[in-house]
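Residue numbers (our numbering): 3 to 476.
Ideal Cβ positions, reconstructed from N, Cα and C, are used throughout, including at glycine.
One structure is given here, and the rest of the page talks about it.
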Amino acid sequence: MTTSAPAADTPENSSSSNPLPLGDWSGSIQYGQSQVPIVLHLQLAAGGLSGTLDYPRHHQFGLPIRELHYYDTHLRFSTRSFGDFRGLWTEDRQRIEGGFGEGESQHPLTLQPGSNCYPSARRPQTPQAPYPYRNEELTVEHPAAPSTLAGTLSLPDSGTIRAVILLITGSGAMDRDQTVFEHKPFWVLADFLSRAGYAVLRLDDRGVGASTGDRSALTMDDELADMSIALDHLRGRADLASLPLGLIGHSMGALTAMRLAARRTDLAFIISLAGPAQPLGPVFAERECQALSATGINPDVIDRHRAFTLALYAHLQNLAFDEPITAAQIELLAQHTGAQRTATVQRQADWIARFNLPWFRSALAQDPADFLTRIQCPFLALGGSQDTQVPSQSSLGVMNALLAQRQHPDFQTIELKALNHLFQTCITGGVEEYAAIEETFAPAAMNQIRDWLDQRTPTAMAADHPWANSRDYP
């Protein structure tokens, strides 16, 4: 949906000396140490000027802008994410100079013609050829659904493979590298582990990249089935069948890994990276409250919002799976908990769209404890001390207590200092830092994974292999 300008802004009322700034414009908003690239698309529509926005590093494209006005070189519009933009088209027609913000808080932004006028992110850990292992592109057909999984299997030299690992991405539509803000953490991790003697499979999610299938009705059970099919494929390969087979899952992918380990007996190990350990309603509620706290909002307002979101998630769990939540129900819960009505009304459309997704409903129905207590194989859980999405202190504490109570014979929970949800070395752990940090995956975390695996897998690497004596990430 686009917003047309009023009559005063139409081409008919613009003088020939002040043509319309049609086309693509791009630049970066500066937020402290972070830069957020945006692309503005302006075009003529019936009745006037219209436009959309892209946030390339967020993988969001064609987002609507509202209240778009242009008059005598002055351009202004509003957005859902960054507030209002006010800018001036310079006399040489080569820049639109202005800023985003709300009220007195403004962040400078200069737009230039073209769709790529922002600096490329520096990602020094992204692997570069040549590789000391072989990459095999493969596809796995789903036997019961019209979908195909596509991915990359990294294979060390024949006879040197210690174990086979399937990587499982977190929530959302993720490619095989789990690309976010031009970081490719699963590619970095797969490269690191393959250099250490592990065969690693990473897959595009259903309906993403080279994988096919419909995501509109996707649930966590569908993701579970996809990963189980991938495991069966690995187990059925003659060159890998005799090797230990294990899982590494990140965030909600760790929960899928736990679910698989609870029902399969052929897994040699499982590693949870920032995985949840509690019912997801409270986890999601606390995540929202931490984000609010970081903005300096009054603690009393945050407490009321916490009560509201907990009530909201509890209400969702009481609804039938296919029963939609309504705006009236959200408003009633806000009234009962004393949440700020203006905030809830502004977010109603977003909440309704999100909460009525089959995937989200299926996620709310999960309690990780149901699966953690049934895991038989060796288990490692890592969390970053600065994780603001799945706080490590609580999640690792719950995992440790549950597995100790069950007397699991081989488990370990480790909190890694100064790492965020993506296992980057960070300052605050906030999502807004992810793009600004050049590091994709902290070496300390990858070394921890490798060392733990080495202790639990046969030493298959030949003594003369170039990586046989390498103990630290290069």
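Just verifying my parser: in three-state terms, what is the DSSP assignment at residue i?
i, result
"VAL210", "coil"
"PHE102", "strand"
"ALA9", "The predicted position of ALA9 is uncertain, since its pLDDT is 34 and thus under 50; no value can be drawn from it."
"HIS317", "helix"
"ILE67", "coil"
"ASP228", "helix"
"SER397", "helix"
"SER472", "Residue placement at SER472 cannot be trusted, given a pLDDT of 38 that sits under 50; what the coordinates show is reported in the next sentence. Three-state DSSP puts SER472 in coil, outside helix and strand."
"GLU93", "coil"
"ARG458", "coil"
"SER295", "helix"
"THR54", "strand"
"GLN1", "Any answer about residue 1 is impossible in this case: the structure gives the chain only from 3 up to 476."
"GLY238", "helix"
"SER149", "coil"
"PHE381", "strand"
"ARG88", "strand"
"SER122", "coil"
"HIS109", "strand"
"THR258", "helix"
"ILE304", "helix"
"ALA165", "strand"
"THR427", "strand"
"GLN350", "helix"
Starting from the C-beta of residue i, find all residues in its chain whose C-beta is less than 7 Å away, skip the five residues before and the five after it, and write them out in chain order.
i, result
"TRP361", "LEU220, THR221, MET222"
"ALA441", "Checking the displayed sequence, the identity of residue 441 turns out to be Glu instead of Ala. Here the set comprises GLN127, GLN426, THR427."
"LEU245", "ILE163, ALA165, VAL166"
"ARG356", "PHE362"
"VAL400", "ALA279, GLN280"
"ARG124", "GLU440"
"HIS507", "The first residue shown for the chain is 3 and the last is 476, placing residue 507 beyond what the model contains."
"ILE354", "ILE327, ALA329"
Contact check, residue i vs residue j under 8 Å by CB: the rounded distance?
i, j, result
"PRO278", "VAL433", "Rounded, the Cβ-Cβ distance is 17 Å, inconsistent with contact."
"LEU366", "PHE381", "24 Å between Cβ atoms; not a contact."
"THR150", "GLU143", "6 Å"
"LEU22", "TYR72", "7 Å"
"SER397", "GLN280", "7 Å"
"ASP224", "ARG208", "7 Å"
"GLU99", "THR112", "5 Å"
"ILE478", "LEU374", "Outside the displayed range of the chain (3 to 476) lies residue 478, so it cannot be described from this structure."
Could you name the residues of the same chain whose beta carbon sits closer than 6 Å to that of residue i, not counting the 5 residues immediately before and after it, in chain order?
i, result
"ALA313", "LEU335, THR339"
"THR311", "ALA287, GLU290"
"ALA465", "Per-residue confidence for ALA465 stands at a pLDDT of 37, beneath the threshold of 50, marking its modelled position as unreliable; the derived number appears in the next sentence. Cβ neighbours of ALA465 beyond the five flanking positions: none."
"LYS186", "THR128, ASP179"
"VAL58", "The amino acid occupying residue 58 in the given sequence is Pro; Val does not appear at that position. For PRO58, where only same-chain residues beyond five positions count, the Cβ hits under 6 Å are PRO39."
"ALA201", "LEU157, ILE163, VAL166"
So, residue i versus residue j, is the Cβ gap smaller than 8 Å?
i, j, result
"TYR436", "LEU424", "yes"
"SER30", "GLN114", "no"
"LEU46", "THR54", "no"
"THR258", "LEU236", "no"
"ALA276", "ALA293", "no"
"ILE250", "LEU157", "no"
"LEU269", "LEU203", "no"
"HIS307", "ALA341", "yes"
"GLN337", "GLY283", "no"
"PRO110", "GLY101", "yes"
"GLY89", "LEU77", "yes"
Would you give the residue range spanned by the beta strand (DSSP E) that residue i belongs to?
i, result
"TYR271", "Reading the sequence as shown, one finds Phe at residue 271 and not Tyr. Residues 271-275."
"GLY174", "That residue, GLY174, is in no beta strand (DSSP E); it is neither H nor E in DSSP."
"GLN414", "413-418"
"LEU81", "The identity of residue 81 in the sequence shown is Thr, whereas the question assumes Leu. Per DSSP, THR81 belongs to the beta strand (DSSP E) from 76-81."
"HIS252", "247-252"
"GLU143", "136-143"
Please list the terminal residues of the continuous alpha helix (DSSP H) segment that includes residue i.
i, result
"SER196", "187-197"
"ARG204", "Looking at the DSSP string, ARG204 is not in any alpha helix (DSSP H); the run it does join, the beta strand (DSSP E), is 200-205."
"THR339", "329-339"
"LEU22", "First-last for LEU22: undefined, no H or E at that position."
"PRO360", "360-366"
"ASP372", "371-374"
By Cβ distance, which residues of its chain are closer than 8 Å to residue i, with the 5 residues on each side in sequence left out?
i, result
"ILE231", "VAL142, HIS144, PRO145, LEU151"
"SER17", "Reliability of the predicted coordinates at SER17 is poor, the pLDDT of 38 falling under 50, and no value is obtained from them."
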